[in-house]
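Inspection log for the structure reproduced underneath, given as structure tokens.
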Amino acid sequence: EGTSFDTYVGWIKSQLCGSDIKVVDRLLDGFKDENLTKEFYEAALKDSDRFLKEYFTFDLNVRNGKARFLNKAFERPLDQDTIKLETGEFAEGQRLEEALNAPDLLSRERGLDSLMWDKIN
């Protein structure tokens with residue numbers, strides 16, 4: 300049948316020290332629907348780990364940008380379903396907007412992927 304996601308994560312975590320395991324756990328928490336809350340992001344943006352703080356700041360800015368894009372398309376209030384926190388200037392904001400406004404779905408997804416991979420590099 301194959302190996303489960305949890306099996307892979309368990310193997311990866313078995314290779315890590317305690318502090319790195321906490322980073323992985325925190326990152327995985329960011330993929331849980333129940334954690335897409337203002338409280339989760341407030342805590343993440345105050346995290347003492349610089350990587351986690353920057354990761355979740357970027358994640359929040361991208362999620363809010365996508366929500367605003369959809370709100371505009373459906374003629375809803377722009378900030379509906381966004382999490383309003385002070386994150387400072389979003390340097391990639393223009394690129395995100397350009398990707399979201401691509402003329403077709405494939406171009407949009409490629410633009411978003413490119414934005415993410417460029418951030419990783």
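Residue numbers for the sequence shown follow the numbering used here, beginning at 300 and rising by one.
For every residue, glycine included, the Cβ atom is placed at its ideal position computed from N, Cα and C.
- By the Cβ-count criterion, tyrosine 307 is exposed, with fewer than 16 other Cβ atoms from all chains shown falling within 10 Å of its own Cβ.
- In the three-state reduction of the DSSP assignment, glutamine 314 falls in the coil class, being assigned neither a helical nor a strand state.
- For arginine 325, the CB contacts under 6 Å within the same chain, skipping 5 residues up- and downstream, are Leu351 in chain order.
- When the five nearest sequence neighbours on each side are left out, the beta carbons in the same chain lying within less than 8 Å of the beta carbon of glycine 410 are those of Arg394, Glu397, Ala398, Leu399, Ala401, in order along the chain.
- Annotation for lysine 337: the continuous alpha helix (DSSP H) segment containing it runs 337 to 344.
- Leucine 377 is not a Cβ neighbour of tyrosine 340, given a cutoff of 7 Å.
- In this structure, the alpha-carbon of arginine 349 lies about 26 Å from that of aspartate 305.
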